[in-house]
Amino acid sequence: MAEQHESGVQGARGPGEPTPGNDSEPTADTRSARGGRASSRRRDAKKPTTGWGAVKEILIVVALALIIAFLVKTFLIRGFFIPSGSMEQTLELNDRIFVNVLDGRMSTIDRGDIVVFEDTQGWLPEAPRTAANPVRGALEFVGLFPDSSQQALVKRVIGVGGDHVTCCDASGRVTVNGEALDEPYLYPGAAPSDIPFDVTVPDGKLFVLGDHRNASADSRYHIATGTEFVSEDDVVGTAFVIAWPLDRFQFLHNPAEVFQDVPAAGGQ
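Taking the working numbering, the leading residue of the sequence shown gets 138, the next gets one more, and so forth.
Written out as structure tokens, the structure is:
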């Protein structure tokens with residue numbers, strides 16, 4: 138009788154099962170199945186975003202752009218439109234300028250700076266009411282369009298807190314703390330002032346004049362009403378560039394040489 142061995146039962150191997158002694162080696166069928174799943178995952182990953190998903194992405198990008206523009210306008214840079222000739226020829230009618238908002242909040246405002254400030258004292262006549270353009274208003278609000286507000290002014294700082302500012306000396310010039318100013322930025326042919334004045338600027342205030350003195354209702358014109366000084370708190374910022382029109386593009390600089398010999402307040 139032949140000897141029998143207890144070797145157990147081993148049925149036939151189905152498709153894709155590993156062969157004995159080589160459990161880690163996949164069969165062709167196994168590799169095909171895995172490759173199919175990987176290809177499916179790659180196809181899913183490459184599917185373009187469509188429908189509502191694409192709309193959401195666009196809305197998120199637009200919202201982020203508006204938020205960034207608003208933050209830049211509020212804390213860094215703000216655009217303004219020049220509606221008059223009071224600062225000619227430095228700034229001309231219809232120029233678009235940008236101001237450094239940080240200078241109005243964190244830095245010292247210096248003599249010679251061109252500043253934009255809010256009209257809190259009624260220097261400007263009440264603006265006529267016109268139909269609002271909601272689109273333009275929204276773009277101005279977030280900083281994507283220059284501010285066309287009629288309640289802001291732009292002038293050059295001539296005196297700061299403590300300065301004694303007068304006009305005119307024997308040569309018709311403005312003096313600050315006893316030092317006469319030679320002002321190369323004045324409109325050609327315009328006198329430094331056709332109105333005599335003698336003021337001392339309070340602390341925290343500014344005495345401002347337009348570069349086109351004959352066409353500027355500036356600090357001189359408001360002495361009689363006691364509103365001649367601009368509060369530093371009303372300053373939006375200092376103008377640093379003419380951005381439009383392109384043929385007028387230029388950076389604006391403080392003419393420090395005009396004021397370099399002016400003694401400190403109280404030192405004249």
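Glycine is no exception: its CB is placed at the ideal position from the N, C-alpha and C atoms.
Quiz item: What residue range is occupied by the uninterrupted beta strand (DSSP E) comprising ALA289?
Solution: That run of the beta strand (DSSP E) goes 289-296.
Quiz item: Between the stretch 297-317 and the stretch 384-401, are three or more C-beta pairs nearer than 8 Å?
Solution: With the rule of 3 Cβ pairs closer than 8 Å, the stretch 297-317 counts as touching the stretch 384-401.
Quiz item: What's the gap between the Cα of VAL345 and the Cα of LYS193?
Solution: Within the model, the alpha-carbon separation for VAL345 versus LYS193 is close to 50 Å.
Quiz item: Does DSSP classify ASP113 as helix, strand or coil?
Solution: An answer regarding residue 113 cannot be provided, because it is not within the stretch 138 to 405 covered by the chain.
Quiz prompt | Contact set for ALA352: own chain, Cβ-Cβ below 6 Å, skip 5 residues either direction | solution = Hits under 6 Å: GLY222, SER223.
Exercise. Quick one: give me the first and last residue of the beta strand (DSSP E) that VAL253 is part of.
Key: DSSP places VAL253 in the uninterrupted beta strand (DSSP E) bounded by 251-255.
Exercise. In angstroms with no decimal places, state the Cα-to-Cα distance between ASP335 and SER356.
Key: Looking at the two C-alpha atoms, the distance is approximately 11 Å.
Quiz item: Would you call ASP240 buried or exposed, if buried means 16 or more other Cβ atoms sit within 10 Å of its Cβ?
Solution: Looking at its Cβ environment, which holds 16 or more other Cβ atoms inside 10 Å, ASP240 is buried.
Quiz item: Around the Cβ of GLY158, are there at least 16 other Cβ atoms within 10 angstroms (buried) or fewer (exposed)?
Solution: Summary for GLY158: the model assigns pLDDT 45, below 50, so the residue's position carries little reliability; its value from the coordinates is reported in the next sentence. It is exposed - the Cβ of GLY158 has fewer than 16 other Cβ atoms within 10 Å.
Self-check item: Element boundaries [alpha helix (DSSP H), containing PHE396]
Solution: Counting along the chain, the alpha helix (DSSP H) containing PHE396 begins and ends at 393-396.
Self-check item: Residue range of the beta strand (DSSP E) that includes LEU343
Solution: Annotation for LEU343: the continuous beta strand (DSSP E) segment containing it runs 342-346.
Quiz item: Can you tell me whether DSSP reads ILE360 as helix, strand or coil?
Solution: Here ILE360 sits in coil by DSSP.
Self-check item: Reduced DSSP category for ALA376 - H, G, I as helix; E, B as strand; rest coil
Solution: In this structure, ALA376 counts as strand in the three-state DSSP scheme.
Exercise. Could you tell me the boundaries of the beta strand (DSSP E) in which PHE334 lies?
Key: For PHE334, the enclosing beta strand (DSSP E) has its first and last residue at 334-337.
Quiz prompt | From ALA191, GLN288, GLU320, GLY309, residue whose alpha carbon lies closest to that of VAL294 | solution = Comparing Cα positions, the closest option is GLU320.
Quiz item: Hey, quick one: how far does the beta strand (DSSP E) through ILE219 stretch, first residue to last?
Solution: No beta strand (DSSP E) contains ILE219, which DSSP labels as neither H nor E.
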